[in-house]
Ligand code: ADP
Ligand code: GN1
Ligand code: MG
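Residue numbers (our numbering): 55 to 417.
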């Protein structure tokens, strides 16, 4: 059987008891594998439609997780929980190719879980600290060693170009129904350039960044609610720390889930925004430049707009990129993002004041 064949390629302990689909990621196919040993494993089929070169992805993950572990070893961290841990194949590789599919295996991070929406506000303070810590852990990582796993991943102006092309071709005849959403995006075209222009000019530093810091990519301890580590390292690449701040706000500080169909439920939760900002800035304020600090709130708007635009692009393109669970799922997701953008626009000044208040308390 295929699952046995795949799992038997990896150096795992015990016999397989069961394998079940797991988590709510939009990209890879994830399975939780239970064995007769006390260890559990995460088995993933890497999405090659998204990651054209799985080898590059795995090279990055090996480098980054080793770097984090070496650093944390001196801080007495729990080896099995401070980062993802790749389970090698019996031939000492980090992944296996079987019938054109690529598979990898991680040790299951025990005693922790991910959330679609937080249940205790302090969790978001912890998530802010974890995302800041990830930045510090990799601040001395040799950036040139990283493979570019998805070119122009957060190049929002390029994403806009792609969106316009897809909307113009409209292969699935869906464009007429989303005129308002298309207009919403076009009206904000100028806002999209800020981070990319800053990176290009060098006014915003290029750093090693995670690039996918939504809430369900952070493991939270089940007993203490502390954030243990950031997972889903497929898109660790050179970028701006603003993407990591903004994307965490997009989901973490919302009053609703990412695909909430009832737009009246979607607002910025100011308490959560403050808690995340506090956790994050407490950890990294000393390394951030004034230009980065200036754009923190804007970054949440840009990345939410970008994400909504990507969902809408995929909707117009026939739902080929993101995993969807029902018809129109990408459209619902896109609309929810645009509502969150509007909410940020309404509350920009309040959010800026919170950033300044948190910074002042750290001087
Ligand atoms: P995707 O790229 O599809 O988002 P992820 O790598 O984020 O896939 O994994 C999907 C989910 O599986 C995560 O949100 C998390 O709940 C769970 N998960 C992934 N890796 C581990 C791990 N090593 N230990 C425990 N849970 C994990
Ligand atoms: C995807 O893999 P996952 O579900 O953590 C996507 C992110 C989006 C996010 C939106 C490689 O993240 O860029 O922001 O969905 N990952 C990739 O929920 O495209
Ligand atoms: Mg994920």
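Even glycine gets a Cβ: it sits at the ideal position worked out from N, Cα and C.
Residue i, buried or exposed, once every other Cβ within 10 Å from all chains shown has been counted against 16
i	result
residue 193	exposed
residue 314	buried
residue 145	exposed
residue 182	buried
residue 224	exposed
residue 196	exposed
residue 208	buried
residue 289	buried
residue 226	exposed
residue 277	exposed
residue 108	buried
residue 128	exposed
residue 58	exposed
residue 114	buried
residue 333	buried
residue 90	exposed
residue 56	exposed
residue 357	buried
Residue i - DSSP class collapsed to helix/strand/coil
i	result
residue 393	helix
residue 62	helix
residue 72	strand
residue 10	Not covered by the structure: residue 10. The range shown for the chain is 55 to 417.
residue 263	strand
residue 98	strand
residue 192	coil
residue 86	strand
residue 186	helix
residue 104	coil
residue 361	helix
residue 353	helix
residue 240	helix
residue 486	Here the chain has residues from 55 to 417 only, and residue 486 is not among them.
residue 409	helix
residue 173	coil
residue 133	coil
Minimum C-alpha distance to residue i - residue among the options
i	options	result
residue 199	214, 406, 292, 342	292
residue 171	270, 61, 300	270
residue 211	228, 254, 223, 111	254
residue 337	189, 140, 131, 106	189
residue 81	142, 397, 375	375
residue 310	322, 235, 365	322
residue 178	328, 347, 408	328
residue 370	218, 342, 260, 305	218
residue 216	169, 140, 239	239
residue 494	384, 92, 186, 116	Since the first and last residues shown for the chain are 55 and 417, residue 494 lies out of range.
residue 180	275, 221, 233	275
residue 401	126, 307, 387, 103	307
residue 119	133, 411, 298, 138	138
residue 298	249, 317, 75, 86	249
residue 302	156, 221, 330	330
residue 428	135, 116, 124	Residue 428 lies beyond the residue range present for the chain, which begins at 55 and ends at 417; the question has no answer from this structure.
Bridge partner(s) assigned by DSSP for residue i
i	result
residue 167	274
residue 375	Paired residue(s): none; residue 375 is not in a bridge.
residue 143	64
residue 293	261
residue 160	96, 140
residue 284	272
residue 322	308
residue 150	157
9 Å Cβ cutoff, residue i in contact with chain D
i	result
residue 363	In the structure shown, chain D does not exist; there is a single protein chain.
heavy atom of the ligand NAP below 8 Å from residue i C-beta
i	result
residue 283	Annotation note on the ligand NAP: not contained in the displayed structure, which lists the ligand ADP, the ligand GN1 and the ligand MG as its ligands.
* Who's in the neighbourhood of the ligand MG, going by beta-carbon under 5 Å from any heavy atom, listed in chain order? -> 79, 271, 286
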